[in-house]
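Student: FYI, the numbering for the sequence shown is 1 to 325, going by UniProt numbering. Even for Gly, the Cβ is constructed at its ideal location relative to N, Cα and C.
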Amino acid sequence: MTAARPKPYYQVVDGVPRSPLIAPELLREGFEFVPEKGDLLQVSYPKSGTHWVQYITQLILRNGEPLESYEDFRKNAVFLEYRPGPRSYRPSNVLRTFLTHIPLHTENMNPEAKYVYVARNPWDCCVSAYHHAKDVSVYLFEDGTFDDFFECFLEGDFGWGDYFEHVVGGYSLKNEPNVFFVTYEELKTNTRNTIVNLARFIGDRYGNMLENDGKDGQKLLDIIIERSAPESMRNILASNLGGQGNVDADESLKKLDISSKVSHGGSKSHSFVRRGEVGGWKEYFSPDQLRRMEAIIAKKTHGSNVMSLWCDIREEALRICGESE
1 MTAARPKPYY
11 QVVDGVPRSP
21 LIAPELLREG
31 FEFVPEKGDL
41 LQVSYPKSGT
51 HWVQYITQLI
61 LRNGEPLESY
71 EDFRKNAVFL
81 EYRPGPRSYR
91 PSNVLRTFLT
101 HIPLHTENMN
111 PEAKYVYVAR
121 NPWDCCVSAY
131 HHAKDVSVYL
141 FEDGTFDDFF
151 ECFLEGDFGW
161 GDYFEHVVGG
171 YSLKNEPNVF
181 FVTYEELKTN
191 TRNTIVNLAR
201 FIGDRYGNML
211 ENDGKDGQKL
221 LDIIIERSAP
231 ESMRNILASN
241 LGGQGNVDAD
251 ESLKKLDISS
261 KVSHGGSKSH
271 SFVRRGEVGG
281 WKEYFSPDQL
291 RRMEAIIAKK
301 THGSNVMSLW
311 CDIREEALRI
321 CGESE
């Protein structure tokens with residue numbers, strides 16, 4: 001009998017595989033959450049640039065003032081799955097900002113709130129998710145390989161849900177007037193314009209601050225770009241996985257004995273910033289895996305134009321696996 005492949009550990013909540021980091025009651029509360037008028041909710045599939053975009057958002061709201069720690073970051077950004085009582089949250093920022101990995105659905109949307117959806121190409125997202133699962137001890141995947149994780153990613157069988165369902169759903173809402181849809185790749189390649197567009201979406205005052213203030217606006221934009229670079233964020237976005245020292249950490253998270261294998265030498269700290277690049281997938285995927293990924297893409301994105309976002313990456317993957325015309 002062939003031994004079963006290792007897979008990241010997950011819990012089952014209401015019959016659905018979920019991340020072991022999430023308290024079931026907070027997850028249920030997150031699914032029911034509807035933002036208020038003026039709120040800003042950021043949505044993404046895990047490992048798609050979640051913290052990067054939120055970091056930029058906070059720098060915009062703070063006029064470029066630096067963040068000092070992950071606790072500082074968390075004070076003004078509520079992660080729905082990890083913090084109790086989001087409805088009562090009142091930040092020091094001028095508006096309430098939330099983030100979540102729960103898929104975006106119209107039935108829970110408020111036309112008077114604003115939504116930022118962040119998407120990343122499936123190849124790099126898969127690799128980043130693999131490193132996260134291997135690094136954080138609660139997933140019990142320390143000895144798992146990329147080949148093992150790839151099988152889980154294709155099936156959405158590792159507690160984070162199906163990547164393609166999540167992204168196709170977000171893409172279908174990209175033209176809604178209160179939705180700002182952005183990809184990791186465009187933020188990486190067209191950083192200045194993307195940040196200005198995000199600022200304008202958050203509010204005209206923020207867009208004007210960057211566009212219409214002459215040299216001061218350009219200087220502020222340069223500061224935001226510099227402070228949101230991977231090397232600048234890496235140590236700031238290092239979470240205490242045990243929750244100690246984080247006043248907003250849920251009690252259930254504090255009880256988990258979690259460590260990080262790679263990020264900080266087996267300590268309780270885990271950095272949410274690894275390499276921060278596009279194209280790292282080429283170091284991991286075999287030609288056969290690329291062919292199988294293409295088959296899943298064709299099946300799960302049928303009827304959607306979402307893959308037009310990454311047509312260049314898709315063409316390169318097809319060339320590598322010998323499937324291009």
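So the alpha helix (DSSP H) Ser232 belongs to, where does it begin and stop?
Tutor: That run of the alpha helix (DSSP H) goes Pro230 to Met233.
Student: In angstroms with no decimal places, state the Cα-to-Cα distance between Leu187 and Asn197.
Tutor: In a straight line, the C-alpha of Leu187 is about 11 angstroms away from that of Asn197.
Student: Between the C-alpha atoms of Asn161 and Lys215, what's the straight-line distance to the nearest angstrom?
Tutor: Correcting the residue type first, residue 161 is Gly in the shown sequence and not Asn. Going by the C-alpha atoms only, they are around 45 angstroms apart.
Student: Classify Ser271 as helix, strand or coil using the three-state DSSP reduction.
Tutor: Since pLDDT at Ser271 reaches only 49, below the 50 mark, its modelled position is unreliable, and the value read off the structure follows with that caveat. Three-state result, Ser271: strand.
Student: Taking 9 angstroms as the cut-off, decide whether the C-beta atoms of Lys37 and Glu112 are in contact.
Tutor: Yes.
Student: Between Ala317 and the rest of its own chain, which residues show a CB-CB distance below 6 angstroms, the 5 nearest in sequence each way excluded?
Tutor: Within the same chain, Ala317 has close Cβ partners Leu290.
Student: Should Arg192 be labelled buried (16 or more other beta-carbon atoms within 10 Å of its own) or exposed?
Tutor: Counting Cβ neighbours within 10 Å, Arg192 comes out exposed, since fewer than 16 surround it.
Student: Excluding the 5 residues preceding and the 5 following Arg5 in the sequence, name in chain order all residues of the same chain whose CB lies nearer than 7 angstroms to its CB.
Tutor: Correct list, in chain order: Asp148 and Glu151.
Student: Output the boundary residues of the beta strand (DSSP E) element that contains Ala119.
Tutor: Where Ala119 is concerned, the enclosing beta strand (DSSP E) stretches over Lys114 to Ala119.
Student: For Asn121, does the count of other Cβ atoms within 10 angstroms reach 16, so buried, or fall short, so exposed?
Tutor: Buried.
Student: Could you pull the start and end residues of the beta strand (DSSP E) that Thr106 belongs to?
Tutor: From DSSP, Thr106 is part of no beta strand (DSSP E); its letter is neither H nor E.
Student: Given that a residue counts as buried once 16 or more other Cβ atoms are within 10 Å of its Cβ, and exposed if not, what is Glu81?
Tutor: Buried.
Student: Which two residues bound the contiguous alpha helix (DSSP H) that contains Ser128?
Tutor: Where Ser128 is concerned, the enclosing alpha helix (DSSP H) stretches over Pro122 to Asp135.
Student: Roughly how many whole angstroms lie between the Cα atoms of Leu221 and Gly322?
Tutor: If I take the Cα positions, the gap works out to 42 angstroms.
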